[in-house]
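Student:
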Amino acid sequence: MTPSELNILGLSLDILGVILLFFYEPPKKESGALLLQSAPSKSEREKKKRIKRIISTVALILLIVGFSIQIYSNLIGTDFCQNRQ
2 MTPSELNILG
12 LSLDILGVIL
22 LFFYEPPKKE
32 SGALLLQSAP
42 SKSEREKKKR
52 IKRIISTVAL
62 ILLIVGFSIQ
72 IYSNLIGTDF
82 CQNRQ
């Protein structure tokens, strides 16, 4: 892959990670406040919290990997351009 293609791949992973974080923010701790009777049950809340934790972790990993690929593409980009001349 060329440095430009690697950079595009890194940016794509970054934007995917940001979109996932936007919709699945890391779960917040429960405050212990009284909930309305119509509120979801504790097991439903725990299930949702677990899903959010997994997806937000994947999103953060995508951001880190995408950023690393971009750095790598910039590092090899200078060598790639110098070797082509």
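Quick note on numbering: our numbering labels position 78 of the sequence shown as 79, and the sequence is numbered without any gaps. Using N, Cα and C, we set each Cβ at its ideal position, and we do this for glycine too.
For Tyr73, which of helix, strand or coil comes out of DSSP?
Tutor: As a working mapping, residue 73 is identified with position 72 in the sequence shown. The answer is helix: DSSP assigns Tyr73 an H, G or I state.
Student: May I ask which residues mark the beginning and end of the alpha helix (DSSP H) holding Pro41?
Tutor: Sequence index remark: in the sequence shown, residue 41 carries index 40 (1-based). Taken as a continuous stretch (DSSP letters only), Pro41 belongs to no alpha helix (DSSP H), as it is neither H nor E.
Student: If you run the structure through DSSP and keep just helix, strand and coil, what is Lys48?
Tutor: For the purposes of this step, residue 48 is taken as the residue at position 47 of the sequence shown. Helix, per DSSP.
Student: Less than 8 Å between the beta carbons of Leu76 and Gly18, yes or no?
Tutor: In the sequence shown, counting from the first residue as 1, residue 76 sits at position 75. In the sequence shown, counting from the first residue as 1, residue 18 sits at position 17. No. Outside cutoff.
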